[in-house]
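Mapping to UniProt numbering: the sequence shown position 40 is 40, numbers consecutive.
C-beta atoms are modelled at their ideal positions from N, C-alpha and C, and glycine is treated no differently.
Inspection log for the structure reproduced underneath, given as structure tokens.
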Amino acid sequence: MVSKTTLFLSNLPQRPKNKQNYIKALLKCFNPNNEYCDYMNSLPDLRFGSRKDIPLLDKSLGIISISRPQSYRFQNKCYITFDNEDSVIKFIKRFQNMKFMGRCIKIQYSKKRSYMEVYKDNPKLLNKIVKIQKSKKLKKTNDPLNLKRKLRRLRSKLRSKKNLTQEQIDKISEEHKIKLIKSSAASKQNSNKTSKSKKKQSFTELTRQINKPEVSLNKIQNKVNVSENPPNKILLIQDIPTNIEENQLIDIFQCDGFIEVRMVPARHLAFVEYDSIESAKHVLKKVGNTYYINGEKKQQILVGYAK
């Protein structure tokens with residue numbers, strides 16, 4: 001069944017990877033005057049059941065939602081749901097083959113209805129669909145045939161290695177089988193837990209969290225000297241405390257031309273990318289080479305140009 005109010009867009013750029021920034025970039029491409037293009041304005045809450053009236057992402061175009069497939073293979077594609085069929089027809093006529101970040105956008109009707117489209121017409125039906133999909137996913141993980149298939153693929157890969165005997169292959173296969181069964185049982189157990197049981201924590205876990213020492217900025221190793229780096233459209237953020245999340249960095253470094261933040265938690269650093277060197281210069285001048293998050297000395301980060 002082809003959807004009447006949902007379009008499928010392909011040949012899109014894969015960046016920015018951040019979902020909110022990606023949606024804002026698309027909205028700005030379609031309508032530069034869109035209220036959500038301003039980085040200060042956050043997108044409306046579109047969680048199902050969060051509100052009765054569905055807010056529009058763009059009133060002039062009638063866009064309700066923009067969703068992006070989670071699979072890496074489909075990162076250059078997205079779905080756009082509209083409030084009615086007239087908005088869809090106008091959108092196709094206006095934006096077919098339009099360029100977005102140097103790519104020619106291809107637009108066609110979606111072969112399936114989006115969750116937002118179903119929710120708009122019948123919220124109860126969507127709840128049933130979500131429950132059915134969850135149960136199917138759980139059955140698939142516990143399916144004996146699925147387990148056999150995984151083990152068969154593993155044995156095939158092991159046989160391609162000439163230095164392994166049949167006994168070694170059988171042993172590795174059996175160990176992997178036990179791991180799969182345990183993980184399957186754990187996923188089933190977790191699905192049956194109530195929200196109350198999920199919140200429970202042992203006394204030792206709570207004590208460990210309370211007494212966990214903060215990471216000293218002086219002890220962080222592998223600092224990169226960026227003082228002599230030439231201007232770049234990518235900024236390097238170092239000495240990021242462990243309690244700082246991506247959204248907090250976005251709030252600090254977001255401005256006109258902002259693309260995305262890429263964090264590397266293991267090294268306590270992040271890369272902030274802009275569409276031009278001028279945008280990066282403007283932000284670096286604003287925050288300086290040393291920035292205190294929330295004005296606290298313990299929350300100090302170092303800022304400079306990446307190579």
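Asked: Can you name, in chain order, every residue of its own chain whose Cβ lies under 8 angstroms from the Cβ of I169, other than the five neighbours on each side?; Found: R155, L158, R159
Asked: Going by other Cβ atoms of all chains shown within 10 Å of its Cβ, with 16 needed for buried, is T238 buried or exposed?; Found: It is Gln, not Thr, that sits at residue 238 in the sequence shown. Q238 should be labelled buried.
Asked: Using only the alpha-carbon positions, how far apart do I259 and K17 sit?; Found: 9 angstroms
Asked: Under 8 angstroms, do L302 and F271 count as touching if we go by C-beta distance?; Found: no
Asked: Would you mind giving the Cβ-Cβ distance between L249 and K106, rounded to the nearest angstrom? I have them listed as a contact below 8 angstroms.; Found: The Cβ separation is near 34 angstroms, so there is no contact.
Asked: At 4 residues or longer, and completely inside the UniProt domain "RRM" (5-112): list those alpha helix (DSSP H) runs for me, N to C.; Found: 19-30, 85-95
Asked: Is it the case that the Cβ atoms of F82 and I64 are separated by a distance below 8 angstroms?; Found: yes
Asked: Our contact map puts C104 next to N11 with C-beta atoms below 8 angstroms; I'd like the distance itself, whole angstroms only.; Found: 6 angstroms
Asked: Classify G304 as helix, strand or coil using the three-state DSSP reduction.; Found: strand
Asked: Around the Cβ of T290, are there at least 16 other Cβ atoms within 10 angstroms (buried) or fewer (exposed)?; Found: exposed
Asked: List in chain order: all unbroken beta strand (DSSP E) runs of 3+ residues lying wholly within the UniProt domain "RRM" (233-307).; Found: 234-238, 258-264, 269-274, 290-292, 300-305
Asked: Work out the CA separation of I178 and P44 for me, nearest whole Å.; Found: 45 angstroms
Asked: Enumerate in chain order the residues of its own chain whose CB-to-CB distance from N34 is below 7 angstroms, with the five nearest sequence positions on each side excluded.; Found: L27, K28, D58
Asked: Keeping to the same chain, check which residues put their C-beta closer than 7 angstroms to that of Y36; ignore five residues upstream and five downstream.; Found: K24, L27, L43, L57
Asked: Output yes or no for whether 8 angstroms exceeds the beta carbon distance between K233 and I172.; Found: no
Asked: Distance check for P55 and K4, CA to CA, integer angstroms please.; Found: 19 angstroms
Asked: Quick one: grab the DSSP three-state call for V118.; Found: helix
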